[in-house]
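Heads up, the thing below is written out as structure tokens.
The following block contains the structure:
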């Protein structure tokens, strides 16, 4: 089934998208424990009326729970949030969260029972749940994240402060060694980011996008995790500001195209094409050069010739191909060269070998305190790819021929020394281009 969007560009996904077997197993193990509600009543921590309401729903699930709760939904919403505020025992908080999650499971409309509390206290219902999110007990934090996600998704005006704290939590969780916790955190993002107003909150959360990009760059994240992370990028790129900056800051276009080329699962290719389509539609000037640099037009032509089980994939591929064909001719050769250099994925594309290109554009590498020339130097020092090393060495040689005064600068930043080292590289092409460039750097004396 193809990805669908509503008229305002919001992804149409279920509110209760968070479904995690690890959390379900923890819940099953904790559900049957007795909680001393009567003891709380005797200690005047809860009233007799509150005790009666609790006993009416304790250990009930499904239709049995619905018959009780839906008669007095607002009462239960207020009661459960109040209990989170005034009780502190870990096992009790766990049980309250299990009950709240039971109420919301497959009944997102019941979020209104909790959201209505904000009419009299702006901190509710979020503050007690955010406190749970900060708990040292991992189950409490995980369960609270699921509940917060449902409430944020159900709210007509999502609380951006609550969203911000949830996103800071997910960012930390994505560093977890437990794959189940990482999976749950990504699911939280998949659901929460459907709210348009919180996308920019996520974008501005420190290290948040970095954490998602790191997952994509893992050696083997698995097709399901790839799909879920790229789905988050797809939702984010409905925002024009994010679409403008995403590739510039995180170089995601080459990564997405690489994943699409090797993907086995059709849904992974589908969500990548949908993301690239958003980038073209919402920020063409910021993204077209990078797409040209990774030869996306040729790849989209390849995709359009395949047979797909979902016809809408072909529609998206053809749309993307048409947009690329129409717009690529407006790009200058230097824009494509710069995008290729910024991607750190140099290949022997035509500009590198064109004297006309270098005569016209060499001064561009001097701008912003030699920013692009420094980038070439960094690639020479850090890359292990023979083609990248060959092209970078050649480019520096082309540049020095036109700006001999740069030799001292290049020596100061270590380029001359690195070129000398590469003259002994095991790859013949790297050696050849390094020798040629050395002649330019030291005035013909090797």
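Numbering (full-length UniProt numbering), first residue to last: 1 to 446. In this text, a Cβ means the ideal position worked out from N, Cα and C, and glycines have one as well.
Query, Result
"Please go through the same chain and pick out, in chain order, the residues whose beta-carbon is closer than 8 Å to the beta-carbon of residue 73, but skip the five residues on each side of it.", "110, 112, 113"
"Counting only the same chain and skipping the five closest in sequence on each side, list residues whose C-beta sits under 6 Å from that of residue 361.", "334"
"Thinking C-alpha only, which one of 38, 63, 61 is nearest residue 52?", "38"
"What does a CB cutoff of less than 7 Å around residue 69 pick up in its chain, not counting 5 residues either side in sequence?", "57, 76, 103"
"Is the beta carbon of residue 289 sitting closer than 8 Å to the one on residue 336?", "yes"
"Can you tell me whether residue 120 is helix, strand or coil according to DSSP?", "coil"
"Under a three-way DSSP split, which group does residue 58 fall into?", "coil"
"Between residue 220 and the ligand ATP, is there a pair consisting of the residue's CB and a ligand heavy atom that are separated by less than 7 Å?", "With respect to the ligand ATP, the structure offers nothing, as it holds no ligand at all."
"Can you tell me which of the three DSSP states residue 294 falls into?", "coil"
"Between the Cα of residue 363 and those of 396, 347, 382, 389, spot the shortest distance and give me the residue it belongs to.", "396"
"Contact check, residue 434 vs residue 422 under 8 Å by CB: the rounded distance?", "4 Å"
"Considering only their Cβ atoms, is the gap separating residue 310 from residue 266 smaller than 8 Å?", "yes"
"Which value, in whole angstroms, describes the spacing of the CA atoms of residue 64 and residue 35?", "20 Å"
"For the alpha helix (DSSP H) that contains residue 226, what are its first and last residues?", "223-236"
"Buried or exposed: where does residue 125 fall if 16 or more other Cβ atoms within 10 Å of its Cβ makes it buried?", "buried"
"Spatial neighbours of residue 213 within its chain, please: C-beta separation below 8 Å, excluding the five flanking residues on both sides.", "250, 252, 255"
"Below 6 Å CB to CB, which residues in the same chain sit around residue 236 once its five sequence neighbours on both sides are set aside?", "199, 242"
"Let's see if you can read the secondary structure: which residues bound the alpha helix (DSSP H) around residue 73?", "73-86"
"Would you report the Cα separation of residue 408 and residue 359, rounded to the nearest angstrom?", "21 Å"
"When the Cα atoms are used, what is the spatial distance from residue 416 to residue 208?", "38 Å"
"Should residue 156 go down as buried or exposed, given a rule of 16 or more other Cβ atoms within 10 Å for buried?", "exposed"
"Do the CB positions of residue 419 and residue 377 come within less than 8 Å of each other?", "no"
"Quick check: the Cα distance between residue 153 and residue 314, rounded to an integer number of angstroms?", "31 Å"
"DSSP three-state label for residue 251, please.", "coil"
"From 101, 85, 193, pick the residue whose C-alpha is nearest to that of residue 66; which is it?", "101"
"Which of helix, strand or coil does DSSP assign to residue 446?", "Here the model assigns residue 446 a pLDDT of 35, short of 50, so the residue's position is not dependable, and the following value carries that caveat. In this structure, residue 446 counts as coil in the three-state DSSP scheme."
"Quick check on the burial criterion: 16 or more other C-beta atoms within 10 angstroms. Buried or exposed for residue 332?", "exposed"
"Hey, how far is the Cα of residue 368 from the Cα of residue 319?", "37 Å"
"Using only CA atoms, which one of 96, 71, 374 lies nearest to residue 79?", "96"
"Would you report the Cα separation of residue 272 and residue 231, rounded to the nearest angstrom?", "8 Å"
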